[in-house]
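Input: a single structure, listed below in structure tokens.
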Amino acid sequence: MSSAKLIKTIFTASFIIIVSSGFLRAQRKALGIKSELEMMTNISTLPKYTDAVVKQYSSYDTTGNNDDGFSGKYSFIRKNADSSLVIFEDKGAGVINRIWTPTPTNDIIDFYFDGSKKPSYSIKFSDLFSGKVYPFNLPLCGNQVGGYFCYFPVPYKNGCKVVFRGKKLEFYQIQYRNFGKTATVKTFDAKLSADEKSALEKVSATWADLRKDILNSQEIETLLVDKTINAGESVSLINMDKAGRFLGFELENAKQFEGLNKLIDIKITWDDESQPAVCLPLADFFGYAFGKVSMQSLITGTAKNVNYCYFPMPFDKSAKVELIYRKGPANVFAESLKIKGKWYYAAKPREPKTEGKLYVYWNSNKNAAPGQPHIFLQGEGRGHYVGTILQAQGLNPGMTLFFEGDDYTAIDGEMTMHGTGSEDYFNGGWYALLDRWDRKMSLPLHGSLDYSLPFSRTGGYRLFLTDKMPFQKSILHTIEHGPEQNNKPADYTSVAFYYADKAISSSAKPTDENTTVFLPDTMMVYPQLMSFSFNGQATIDGNNFIAKNGAQIRIDLQEIPNGKYKLYADLEMAPDGAEVTLWQRQTQVSEPISFYSAKKESKKKMFLCDISINEFSNTITLHFKNDHDKNRLNISRLILVKN
386 MSSAKLIKTI FTASFIIIVS SGFLRAQRKA LGIKSELEMM TNISTLPKYT
436 DAVVKQYSSY DTTGNNDDGF SGKYSFIRKN ADSSLVIFED KGAGVINRIW
486 TPTPTNDIID FYFDGSKKPS YSIKFSDLFS GKVYPFNLPL CGNQVGGYFC
536 YFPVPYKNGC KVVFRGKKLE FYQIQYRNFG KTATVKTFDA KLSADEKSAL
586 EKVSATWADL RKDILNSQEI ETLLVDKTIN AGESVSLINM DKAGRFLGFE
636 LENAKQFEGL NKLIDIKITW DDESQPAVCL PLADFFGYAF GKVSMQSLIT
686 GTAKNVNYCY FPMPFDKSAK VELIYRKGPA NVFAESLKIK GKWYYAAKPR
736 EPKTEGKLYV YWNSNKNAAP GQPHIFLQGE GRGHYVGTIL QAQGLNPGMT
786 LFFEGDDYTA IDGEMTMHGT GSEDYFNGGW YALLDRWDRK MSLPLHGSLD
836 YSLPFSRTGG YRLFLTDKMP FQKSILHTIE HGPEQNNKPA DYTSVAFYYA
886 DKAISSSAKP TDENTTVFLP DTMMVYPQLM SFSFNGQATI DGNNFIAKNG
936 AQIRIDLQEI PNGKYKLYAD LEMAPDGAEV TLWQRQTQVS EPISFYSAKK
986 ESKKKMFLCD ISINEFSNTI TLHFKNDHDK NRLNISRLIL VKN
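The numbering of the sequence shown is the working numbering, which starts it at 386 and goes up by one.
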């Protein structure tokens, strides 16, 4: 071969290699804002395995105490020379999936992408959540139940640093995925392309009616269920002997599954496995709060008296769905129930190399062990974590201090996330404060199941879509019950949703003992969340009840269960302490009580009177004596002890 032909051959081969290499790179899907937003709407990708590494920076107290942002001591990685705070740093290709805080400020935060020495993008911290700056808008960014959340993706192809320009940052969490060195990523640009804008618009449209989007996505066979179940029986709802996947299912008349005993269990078994993939009280599966309908999330919950679940559920060869109706305690009447529902089936088998099957780990942790956190999920294997539901019941009456506990995650033996408080984990903040974490509230990805100071209980839920937590070997996901050393007595009941090739942990069998909702015999009512009515000139200022000209203040006790109670109060005696009589409707239930003292002194659990709570009489009214100088009553809390 001549030298000219040799050179031509080498050039041609090199050209083919270069073109082929470029073609392969082009074929590899570029990651970025568009692909991340598509994951938010394409729920069918939830079962897919991923090798990405999910981690989190947060303001947690590294000493194990409870200063998780109050002082700001742990709210940064390091300080720059100009006193600005580095709060996030990652190398390589990745994406910030979630930013949360309950304490936003108007200070600037700077994003440095791909090794840039100058800020690549700057924004007020508060405007990540305010809806004022595009593209950080609802439903991905906003605030509710006390927390400010941002799920708009911030991708980067070669590293990212975030710097806070204020003097003090308090609570924060930044969760991110690292894609590794070989990923092709388009770095964040606030000026979205047409495709990115379209993907963002689709999030709002899809989340408004996920069911419609799922049912229109592929060929679906609807399996109808119409059966009756009696106490002590189990019924088979679905029994399939072929491969495929459920795209979701619905059960009608959700109210019939309410109750303190949670007697109906749902059991799902894939591929004749030796243990069920799902076995727990149906009420807990659908996010009921202490036996009452509550959760209304994007993927699972209850709406318009229908239970729904749209987690994709692929299987290899068979699927069996059963309901089990336990007889319950002898003093509980268990009536026959009509079970009507729909299962949506697609004849697309699971892809074992790329997809996991859905499993649920139910943990009913009665009187959680002191010093030990509550376990959401612990086990060995490969998979990814996609959802949490938690009901938390304090066993000591009063404030919900158990909810100060932090979440903790270790993936493949390495700590990857450490939270800053229990309501923080659910994107909330500030429990027991008005219009913060003070009642049930559902958003697409997170929410509060309930909040009750009288019952000393609360709960929350959270879905993990783009921030699903993959594990290759093992996972340990826990939450504390108490601010330090898991030191608050509590009942914790959780539901963990995850995908894997097989179950990595076995749930306890539901029984009457581990499913019945705890009802305390001592309940406490605090002024900050009381509901009041007035007659005459009266004002409430913190714990101070002030009445002029003999006014009356009525306190609503509708949350208190029916029964007879002794009523006590933690209060203050003072020189301007009023004389008060207590009434229930038009019945006087106490003698005149004077709260006068020559000097201020605190009284703990001072007896006031006996009261009776029922559907017709569930308030108490304070009748103040007409006294210009002695017209104030300072109450820290009311205490009701059941007779």
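Even glycine gets a Cβ: it sits at the ideal position worked out from N, Cα and C.
* To do: Note the first and the last residue of the continuous beta strand (DSSP E) segment covering A1047.
  => There is no way to answer for residue 1047, as the model of the chain reaches only from 386 to 1028.
*Which residue spans inside the segment 804-888 form an unbroken alpha helix (DSSP H) run of at least 4?*
807-810
> Out of curiosity, what's the CA-to-CA distance linking T613 and E944?
Replying inline: 34 angstroms
- Message: Looking at the secondary structure, which residues open and close the alpha helix (DSSP H) in which K587 lies?
- Response: 579-593
Count the other CB atoms, across all protein chains shown, that sit within 10 Å of the CB of P737; report buried if there are 16 or more and exposed otherwise.
exposed
**Message:** Going by the DSSP bridge assignment, what does A674 pair with across the sheet?
**Reply:** K677
Rounded to whole angstroms, what is the Cα-Cα separation between F1000 and G948?
The amino acid occupying residue 1000 in the given sequence is Glu; Phe does not appear at that position. C-alpha separation (whole angstroms): 10 angstroms.
Practice prompt. Measure how close the beta-carbons of Q641 and L722 come, nearest whole angstrom, since I'm counting them as under 8 angstroms.
Written response: 6 angstroms
**Message:** For N646 and F675, what's the separation of their Cα atoms in angstroms?
**Reply:** 9 angstroms
Contact between the segment 751-765 and the segment 632-641 is defined here as three or more beta-carbon pairs at a separation below 8 angstroms; is this criterion met?
no
From what residue to what residue does the alpha helix (DSSP H) around T900 run? 897-900
Check: Which residue comes first and which comes last in the beta strand (DSSP E) that contains E635?
Finding: 629-637
| request: State yes or no: is the beta carbon of F930 nearer than 8 angstroms to at least one beta carbon in chain D? | output: The chain inventory of the structure shown lacks chain D, comprising one protein chain alone.
Through-space distance from F564 to V439, alpha-carbon basis | 9 angstroms
**Request:** Can you grab the Cα-Cα spacing for the pair T851 / K571, in whole Å?
**Result:** 16 angstroms
**Message:** Applying the 10 Å Cβ sphere with the 16-neighbour rule, what's the burial state of R410?
**Reply:** Confidence at R410 is low in this model, with a pLDDT of 43, below 50, so the placement of that residue should be treated as unreliable; the coordinate-derived value is given next. That one is exposed.
Cβ-based neighbour list, D656, same chain, cut-off 7 angstroms, excluding 5 preceding and 5 following: F700, D701, K702, S703
Compute the beta-carbon to beta-carbon distance between N1028 and K951, rounded to the nearest angstrom, for a pair I have assumed lies under 8 angstroms. 7 angstroms
Practice item. For F999, write down the residues that DSSP places opposite it in a beta bridge. Key: Per the sequence shown, the amino acid found at residue 999 is Asn instead of Phe. S1002, per the DSSP bridge assignment.
Please list, in chain order, all residues of the same chain as G457 whose beta carbon is under 7 angstroms from its beta carbon, the five residues on each side excluded.
K553, L554, E555
Presumed contact (8 angstroms Cβ cut-off) between L1018 and A963, rounded CB distance
5 angstroms
Quick one, are the C-beta atoms of F882 and F696 less than 8 angstroms apart?
yes
| field | Proximity winner among V518, K751, Q937, relative to Q971 (alpha-carbon distances) | value | Q937
Output the boundary residues of the alpha helix (DSSP H) element that contains L914.
Taken as a continuous stretch (DSSP letters only), L914 belongs to no alpha helix (DSSP H), as it is neither H nor E.
_Tell me the residue span of the beta strand (DSSP E) that contains L1025._
1017-1027
I'd like the list of long-range same chain contacts for L513, defined as Cβ closer than 7 angstroms, with 5 residues on each side in sequence excluded. I484, F521, C526, C535
Can you list, in chain order, the residues of its chain whose CB lies under 7 angstroms from that of N451, leaving out five sequence neighbours each side? E789, P868, E869
TODO: May I ask you to report which of helix, strand or coil DSSP gives F521?
DONE: coil
>> Between M826, S619, S987, which has its C-alpha nearest I653's C-alpha?
In response: S619
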